[in-house]
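For the protein sequence lines, the chains are A and B, in the order given.
When we follow the working numbering, the leftmost residue of the first sequence carries the number 1, and every step to the right adds one.
When we follow the working numbering, the leftmost residue of the second sequence carries the number 1001, and every step to the right adds one.
Each residue gets a CB set at the ideal place from its N, CA and C atoms; glycine is no exception.
Because the structure is a prediction, the values reported are computed rather than measured.
Below is one structure, written out as structure tokens; the observations come after it.
Protein chains: 2
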Amino acid sequence: MTSALSPSAPAIILVEPQLGENIGAAARAMANFGLRELRLVAPRDGWPNEAARASAALAVEIVDGARLYPDLATAVADLHYIVATTARSRFLAKPVLAPDTAVTEIAERQVADLRCGVLFGKERTGLENSDVAIADAIMTAPVDPAFASLNLAQSVLLFAYEWRKLVNPHSLGRTLPDAPLGAGHRFKASRPAERGELIGFYEHLEGELDHCGFLFPPEKRETMVNNIRTMFARMAPTEQEVRTLRGMVAILRRGPWQGSNKA
Amino acid sequence: MTSALSPSAPAIILVEPQLGENIGAAARAMANFGLRELRLVAPRDGWPNEAARASAALAVEIVDGARLYPDLATAVADLHYIVATTARSRFLAKPVLAPDTAVTEIAERQVADLRCGVLFGKERTGLENSDVAIADAIMTAPVDPAFASLNLAQSVLLFAYEWRKLVNPHSLGRTLPDAPLGAGHRFKASRPAERGELIGFYEHLEGELDHCGFLFPPEKRETMVNNIRTMFARMAPTEQEVRTLRGMVAILRRGPWQGSNKA
């Protein structure tokens, strides 16, 4: 069984892109397959960027409509599900998805009115581990490991192509698998929190853990923080669950209302 | 792309089954499709049970080989992934899987040498919410809601049939989807903790939350505990991550090593 669906498209998020030409090429790749929403995190050469506009050609509307953010946390604050594109394994315990699986995961959420985004890192070095840590899943194209050299726009293109295959009824298209209770049900029943709320919880928890001396020694702090964020990203808590998590952290720190604070 | 796989089979776990005849019928359903491992949690009429043996017919070896457990926590302590069969929605925030999806989720783990189990509740009333809370996912057959009346053995049969379709190369069989890094990779890269370790963490956390007065008022305690366990089941932490979680709870309770315990 399959369902007819017209999910809205996810946001393409370029994290610290370097060359304007590559931003324009990514916009063209998006336009080819019907993606429209471009977000830019701290592009190296500033914004607006004439090279990006020139390179975009007929996709210049996407470049002109791109939204600019000072950092990744701000760029994803309103999103519910985030996929991070990486070329290599990251030793972060997240689902690793092929592009065709990633578009299905995203479409199931978009039809439930959850907002999704796909992160692409800067040319050559890609995303930082701290960027990947806030994502729900990793997307890796099944390239030959002996010859893996996708550039930024090609990575965007593969994703956009798979998205189009899924949502365009005139293509060879797949359709979304029908869940027992209807497509998108599992997300309609329990909306994940927006990523900004989740990052707020991370900062609360990490502040308390810093205060208690848990994130120690300093040279391991970043790895510990990335691993903790990865765990809770897998949990994908709802807004109510984020409040519960914050409540638990607060009350564990406070201890019993009356009486001693000894554990 | 697909992968040739021969995953070992998951355990079928009957929670507080009532009639021996139904236990025998469940064993026959298992045997039809190549499942062998039966676990029984506190069967109402005791064990061994002659009615179960008689009803099992040629599947009597499964009945005779069944392992008996006093409670669910003991029955699932060595497992890594647990699916709970329910007829109706439970308002617990877990993935809801159709049987064909459930067998794929299980097979991907079994090929990575993770042990899986499927819970079936007692006749008529099914699983308790507290049983469902420790599972990773819910399995619901796509029955007509106007005429939903699967009995225990029929539920086991549907699951066993889908399992057979997936793993038997001579059937119409599906095959497991190929992950970018190979089938089972995501579980090989990070083994979830055994359920016994996870339940140990739950009890540690809940003990501290009780001590601090968080699980209050008493009439809401069970629901709160089920919701918290459901969140962390979704996280599916590894053994190392369970240790990290326990460490965080302990240090949040203890507070800074030197100085006041005020939050």
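Subject >> Close Cβ partners of A/Pro99 (< 7 Å) along its chain, the five nearest in sequence each way excluded >> reply: Met139, Ala141, Leu158, Phe159 and Glu162
Subject >> Expected contact under 8 Å - CB spacing of B/Glu1037 and B/Ala1073 to nearest Å >> reply: Actually they are not in contact, since the Cβ atoms of B/Glu1037 and B/Ala1073 sit about 18 Å apart, beyond 8 Å.
Original post:
In terms of residues, what are the limits of the alpha helix (DSSP H) holding A/Gly207?
Top reply: Arg195 to Cys212
Original post:
Mind checking B/Gly1121: buried by the 16 CB within 10 Å criterion, or exposed?
Top reply: buried
Original post:
Nearest CA to the CA of A/His80: which residue from A/Tyr69, A/Ala57, A/Ala52 and A/Gly117?
Top reply: A/Gly117
**OP:** Answer yes if the region 1204-1221 of chain B comes into contact with the region 216-229 of chain A, meaning at least three C-beta pairs across the two stretches below 8 Å, and no otherwise.
**Re:** no
Original post:
At a Cβ threshold of 8 Å, is A/Phe214 touching chain B?
Top reply: yes
Subject >> Any chain A beta carbon closer than 8 Å to B/Val1249 >> reply: yes
Subject >> is_contact[A/Gly200, chain B] using C-beta, thresh 8 Å >> reply: no
**OP:** Grab the span of the beta strand (DSSP E) containing B/Val1111 for me, first residue to last.
**Re:** That residue, B/Val1111, is in no beta strand (DSSP E); it is neither H nor E in DSSP.
Original post:
Any Cβ of chain B within less than 8 Å of the Cβ of A/Leu209?
Top reply: yes
Original post:
Among A/Asn227, A/Glu194, A/Arg44 and A/Ala233, which has the Cα closest to the Cα of A/Asp78?
Top reply: A/Glu194
**OP:** For the alpha helix (DSSP H) holding B/Ala1093, just list the boundary residues, first then last.
**Re:** First-last for B/Ala1093: undefined, no H or E at that position.
Original post:
Counting along the chain, where does the alpha helix (DSSP H) carrying A/Thr86 start and finish?
Top reply: First-last for A/Thr86: undefined, no H or E at that position.
**OP:** Evaluate contact between the region 1040-1056 of chain B and the region 1011-1024 of chain B, counting only Cβ atoms and requiring at least three cross-stretch pairs below 8 Å.
**Re:** yes
Original post:
Checking contacts by CB at 8 Å: is B/Ile1106 closer than that to chain A?
Top reply: no
**OP:** Out of A/Arg234, A/Thr85 and A/Glu206, point me to the one whose CA is closest to A/Asp131's CA.
**Re:** A/Thr85
Subject >> A/Ile134 to A/Gly207 span [Cα, whole Å] >> reply: 17 Å
Original post:
Can you tell which of A/Arg246, A/Ala236 and A/Val167 has its C-alpha closest to the C-alpha of A/Arg191?
Top reply: A/Ala236
Original post:
In its own chain, which residues sit with a C-beta less than 7 Å from the C-beta of A/Gly126, not counting the 5 before and 5 after it?
Top reply: Thr86 and Ala87
Subject >> Alpha-carbon to alpha-carbon, B/Ile1106 and B/Gly1020 >> reply: 28 Å
Original post:
When you compare only the Cα positions, how much space is there between A/Ala57 and A/Met248?
Top reply: 52 Å
Subject >> 8 Å CB neighbourhood of B/Asp1071 in its chain, flanking five on each side removed >> reply: Val1041 and Ala1042
**OP:** Measure the C-alpha to C-alpha separation of A/Leu245 and B/Phe1232 and round it to an integer number of angstroms.
**Re:** 11 Å
Subject >> Per-residue contacts from A/Pro237 into chain D (C-beta, under 7 Å) >> reply: Looking at the structure shown, chain D is missing, and the protein chains on hand are A and B.
**OP:** List the residues of chain B that A/Trp257 touches, going by C-beta distances under 7 Å, in chain order.
**Re:** Gly1213
**OP:** With a threshold of 16 other CB atoms inside 10 Å of the CB of A/Glu241, please say whether the residue is buried or exposed.
**Re:** buried
Original post:
Near B/Leu1035, what residues of its chain come up, given a Cβ to Cβ distance below 7 Å and the 5 sequence neighbours on each side ignored?
Top reply: Ala1009, Ile1012, Ala1160 and Trp1163
**OP:** Find the nearest neighbour of A/Gln18 within the set A/Arg115, A/Pro48 and A/Met30, judged by alpha-carbon distance.
**Re:** A/Pro48
Subject >> Whole-angstrom distance between B/Asn1227 and B/Ala1093, CA atom to CA atom >> reply: 8 Å
Subject >> Buried/exposed call for B/Arg1044, threshold 16 Cβ in 10 Å >> reply: exposed
Original post:
Roughly how many angstroms separate the alpha carbons of B/Leu1166 and B/Ser1155, rounded to a whole number?
Top reply: 17 Å
Original post:
Taking Cβ-Cβ distances shorter than 7 Å, what residues in chain B pair up with A/Thr223?
Top reply: Residues of chain B passing the Cβ test: none, with the nearest at roughly 12 Å.
Subject >> C-alpha gap between B/Tyr1069 and A/Thr101, whole angstroms >> reply: 39 Å
Original post:
Taking 7 Å as the line, does the beta carbon of A/Arg195 fall inside it for any heavy atom of the ligand ATP?
Top reply: This structure lacks the ligand ATP, and indeed carries no ligand of any kind.
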